[in-house]
Structures are given as C-alpha cells and as structure tokens.
Amino acid sequence: MKKSILLLILVFFFTNGCRTEAIEETNETNIVSPEFQYNYGNTVNRNFFGQVLDRSGNPVSGATISIGTSTVQTNSKGFFLLKNVSVKENFAHVKATKSGFVNASRVLLPTNGDNRINIMMIPATTTATVNSGATSTVSLPDGSSVKFDGSFKNENGSAYTGSVKVALFNLKTSDTYFNETMPGSLLAGNSQGQSRLLESYGMMHVQLTGDAGQNLQIADNHTAEITSPIDAAQLASSPNTIPLWSFNETEGIWREEGSATKVGNKYVGNVKHFSWWCPSLTTNPVILNVSVKNSLNQPLGNLHIRLSANSAQDYGLSTNSNGLVTGFVPANQPLIMKIYDNCENLIQTSTIGPFTANSSNIDVVLNIATAQSTLIEGTLLDCAGNNVIDGFVQIFRPTGNNFFTV
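Letter by letter, the sequence shown follows residues -22 to -1, 1 to 384 of mature numbering (1 follows the signal peptide of the UniProt record, and there is no 0).
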C-alpha cells in the first residue's frame, strides 16, 4: 500500500495489526438526549490511531482502547489503530484502561481520514491510607487536598469498614500535558442539560480502594471536602464562587454538580462522589473546522494547533493526514491561533474569531519553504512480501519521534 507523508526526516517502519468489531447503531439525525441537549449527528464510520503514554512519557503497552464495542490493545510502543469504527458525526468517545492506572479517555469530533489521539494515563498511586470511622485529610505538596468524614460504601451500596487507600491527583491548567491528561474533552452539560464548554480552573481526580482492592465511594448522605489550588495566571480573574463539574465516564461529558468557594488562592467545595472534579466557568461551544495547506495546495498533516482565549484556557488540536482538524472552541471570544510543526517549532501566529455560529470553517495557507518539507513515498511490505494494510510508520529524529498510519 502506497503512502504519502509530508514531513522532513529519516524513516523507520514497523507494523501493528488489530481487529475491529463492527457495531450496529440506528442512523438518526439531530439526536438530542433528554438529559443532554447536544446534536450528536448521524452514525458514520471513522478511523482512529494514537499513542498512550504515562505521565513520564513512557509508552503504556497492553492498555485496552475502546470506542463503542470496538476494542484493541496498545502495542509495545503504546500505539493503537482502529479502522471503520461506528461513531457519531459530532462525538467519538475513546476510552483507555489498564490495571494500575486511572481510567483515561478522549472525546473528539471525528473527521474524514485518520483521527490521531494522544492520551496520557495517570498511575493509580496511593497518596495515603485512611481509616473508616475517623475524620482524615489527604494532601499533595501543591496544596490540593480532600477531607473525609470517615463514611464510605462499597460499589453495591453497603457500608464499608476498614482502611481506605486514597489516590489523589491534581491537574493544573498550566500543565504542559493538560489536554493529553484530562478526561474526555471540555464539553459539558449544565444543570439544565444545555451543552457548554468548560473554562477550567484545574481538575482533580480521587480514587478510593478498599482492603480487598475493591472500588469505594463516599457513603450516601455524606460528603467530602475538596480543595483545589488556583493557577497563578488565573487567580486575578477567578470568581468568588464557581460551579463544580464532575466527569461522567459513561457519557463522556462533564456534569454540573454544586459549586466551590474561593478561599485565598484555592477553591473549596463539597462533593458526594468521586471521579474527576473541575471548578469551571463555561461558555457556549462552537464546532471549529480548520483546513491547513501549503502554498502548493498540499494538505499539511500532523501540525499542532493551539488556541487560547481571553480566559487563558488553552485548546489543543492536531491536523490529520488530510490537513483537517475539528474541535470545540468558545463562542464570542477572539482566539489566538498558534501552529507548530511536529518538532514543536512555531510556524505561524494569528488571531481568529470571534465565532457566533454553532459551526465555523477556516482555511489556513502556510508559506513553508520547500527545504522545510519533504514528500516521502514508499510501499510497506511484511516479511512475506505482502502489502501492510494496518500499520504504522515511525519517524526518528534527533529532536524527537513521530508516527503515522499506513
């Protein structure tokens, strides 16, 4: 199978086969959930590939990747590939699970061509062990903490007595890998079921485990107090009271649940259960479609696009092999768009928006010098001389590595 790749570099090839199970869904238009008012669109088939790393940048092998009923495991490099997966036009929920790690996920607006996904998984490392029946507080050096009243329950709802392992993780908005680490996307449903886009002030994950390794939760009619530090760059604009949102792992969206109060440089609030929690303002979401080509009208794939708004929230996107990328951006706000090559060199900075329609399209033409890009064509064969259908091309450079589908 012949593959054209627009980039500069030497090439090393390896393959990874996978199997996709087809899923049957009713093809409906303008699906609106009675609880979540969002246009999911028609059912379509899309291709997905990506890499799963841990927070240290090491590949996570053997992680199970699920999109609907289609599944595959990551290979030794953390790569995965799923083709012709049945998803919705405006919503694809990709889940990554492996024992010893916090469940990870990514929600995206799938485009034609290959949809690239980068996921960072958080090790489920025990921060501290507490006991039921006693008030306790678990803290991290950055000032994030959770306070328990000592009442816990098993997954079946029965009361739990014993020690509780607490794994606490705080994700700052200034984290370099914020977009790769956070669950889902910033798409959310408020208390009225309206679709919103989060303007996050940080995220916190808490996992509770019992003596037998079972998952635990806060007991019914009890709460825990969470304290989340506010990033220094957001402190001046942070409101005194802010809505709290929890991530629903089944739906793949954030749900509004209560509020938090600013105490000094932290937000403090009470929660009834644990998953991911996020103090956040919101805006109306806009679906932004971006096409990036060079002056020769060739699509430019694997470019990293970062959009920042007045809220200081950063939105990260990457173009696929067709030079296309689609994602959520905030409505009614001008955005600074920075485009980087796959070596993370800044190519262009511009201001776009504000966008008021539910969906907007922009075309970008980059005047990249010929010496900066090379078109590499080749035929990838296996050891028996057969064409490789489902595989990867990995690029090794002094400044870093990259990969593409075949």
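Heads up, the beta-carbon is just placed ideally off N, CA and C, and yes, glycines get one too.
Buried or exposed by the 16-neighbour rule on C-beta atoms within 10 Å, applied to residue i
{"i": "N365", "result": "exposed"}
{"i": "A322", "result": "It should be pointed out that residue 322 corresponds to Glu in this sequence rather than to Ala. Flag for E322 reads exposed."}
{"i": "C361", "result": "exposed"}
{"i": "Q311", "result": "buried"}
{"i": "S123", "result": "buried"}
{"i": "Q15", "result": "exposed"}
{"i": "Q170", "result": "exposed"}
{"i": "G140", "result": "exposed"}
{"i": "L324", "result": "exposed"}
{"i": "G188", "result": "buried"}
{"i": "P217", "result": "exposed"}
{"i": "D92", "result": "buried"}
{"i": "G191", "result": "exposed"}
{"i": "L266", "result": "buried"}
{"i": "T304", "result": "buried"}
{"i": "T20", "result": "The sequence given here places Asn at residue 20; Thr does not occur at that position. Result: exposed."}
{"i": "A210", "result": "exposed"}
{"i": "L359", "result": "exposed"}
{"i": "A25", "result": "Note that residue 25 corresponds to Asn in the displayed sequence, not to Ala. That one is buried."}
Residue nearest to residue i in terms of C-alpha spacing, selected from the options
{"i": "N23", "options": "K240, S39 and K66", "result": "K66"}
{"i": "D127", "options": "N134, N17, T139 and A202", "result": "A202"}
{"i": "S152", "options": "N132, P207 and N109", "result": "P207"}
{"i": "F69", "options": "L165, Q15, K55 and L86", "result": "L86"}
{"i": "G35", "options": "T42, Q51 and M99", "result": "M99"}
{"i": "S114", "options": "I204, D32 and Y318", "result": "I204"}
{"i": "W254", "options": "K271, E234 and I265", "result": "E234"}
{"i": "F27", "options": "R33, N17, Y18 and V63", "result": "V63"}
{"i": "L274", "options": "T219, I346 and L295", "result": "I346"}
{"i": "V249", "options": "I283, L278, K271 and D198", "result": "D198"}
{"i": "F252", "options": "D120, N132, T219 and L359", "result": "N132"}
{"i": "I97", "options": "L146, E13, L118 and V38", "result": "V38"}
{"i": "A137", "options": "F147, K55, G111 and G363", "result": "G111"}
{"i": "Q172", "options": "A287, I231, S338 and L186", "result": "I231"}
{"i": "P119", "options": "F147, R84 and I95", "result": "F147"}
{"i": "Q185", "options": "T104, K61, N226 and G121", "result": "T104"}
CB contact flag (residue i, residue j, <7 Å)
{"i": "V142", "j": "F130", "result": "yes"}
{"i": "V268", "j": "I196", "result": "no"}
{"i": "A106", "j": "V80", "result": "no"}
{"i": "V89", "j": "L344", "result": "One detail in the question is off: residue 89 reads as Thr in this sequence, not Val. Taking 7 Å as the Cβ cut-off, T89 and L344 do not qualify as a contacting pair."}
{"i": "P257", "j": "F306", "result": "no"}
{"i": "A285", "j": "T297", "result": "Ala is not the amino acid found at residue 285; the sequence shown has Leu there. Against a cut-off of 7 Å, the Cβ pair of T297 and L285 comes out as no contact."}
{"i": "I43", "j": "F58", "result": "yes"}
{"i": "T52", "j": "A41", "result": "yes"}
{"i": "W223", "j": "A309", "result": "no"}
{"i": "A74", "j": "V30", "result": "yes"}
{"i": "L176", "j": "T228", "result": "no"}
{"i": "G331", "j": "S299", "result": "no"}
{"i": "residue 387", "j": "V72", "result": "Past the edges of the chain, shown from -22 to 384, lies residue 387, and the structure says nothing about it."}
Cβ-Cβ separation, residue j to residue i (assumed contact under 8 Å), whole Å
{"i": "L149", "j": "M181", "result": "4 Å"}
{"i": "L164", "j": "S178", "result": "7 Å"}
{"i": "T327", "j": "K316", "result": "5 Å"}
**Request:** Assess, as a yes-or-no matter, whether the stretch 156 to 163 is touched by the stretch 234 to 250 under the definition of 3 or more beta carbon pairs within less than 8 Å.
**Result:** no
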